[in-house]
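Novice:
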């Protein structure tokens, strides 16, 4: 089976499978945080703030880590060039910073975001697969996939 990268046009905007799955990951993580806040009887609006901080911190951290790793400074303004470790560190720093600003204990913020982070990571990996990135080793098995 040959698998081509998932992309489609929305007017002048090109949507990739990776971008689509990143959006789904952010939305699902926000939903999971909101459900947890509701279960605890707390203000659910905090979920949107957490996700916004994590998205901004994660994207900035992923880009900066890529630039430090490769030395390609122009990558800051390109579509690609994200490194997961940098995104993780940037997102954690942003969420902890938001918690500090709102006087929320760091342990509580991390407890609230641990499971949604795992969910977001899993959905993001599906996005990587949809753009033919990180697909594993070559195989001759009948059910193996072929990437052009």
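In my numbering, the protein residues as written are 2 to 149.
Even for Gly, the Cβ is constructed at its ideal location relative to N, Cα and C.
1. Can you list, in chain order, the residues of its chain with a C-beta nearer than 8 Å to that of residue 100? Leave out the 5 residues immediately preceding and following it.
2. Under the rule that 16 or more other beta-carbon atoms within 10 Å means buried, what is residue 71, buried or exposed?
3. Buried or exposed: which applies to residue 67, given that a residue is buried once 16 or more other Cβ atoms fall within 10 Å of its Cβ?
4. Identify the continuous beta strand (DSSP E) that holds residue 9 and give its terminal residues.
5. Confirm, please, whether the CB-CB distance from residue 49 to residue 125 is below 8 Å.
6. Please state whether DSSP places residue 141 in a helix, a strand or coil.
7. At least one CB of chain C closer than 8 Å to the CB of residue 49: is that the case?
Specialist: Put simply:
1. Only 106, 107, 109 and 110 meet the Cβ criterion.
2. Exposed: under 16 other Cβ atoms inside 10 Å.
3. The residue is buried, with at least 16 neighbouring Cβ atoms inside 10 Å.
4. That run of the beta strand (DSSP E) goes 8-11.
5. Cβ atoms of residue 125 and residue 49: not closer than 8 Å.
6. DSSP, read as helix, strand or coil, puts residue 141 in coil.
7. Among the chains of the structure shown, chain C does not appear; only one protein chain is present.
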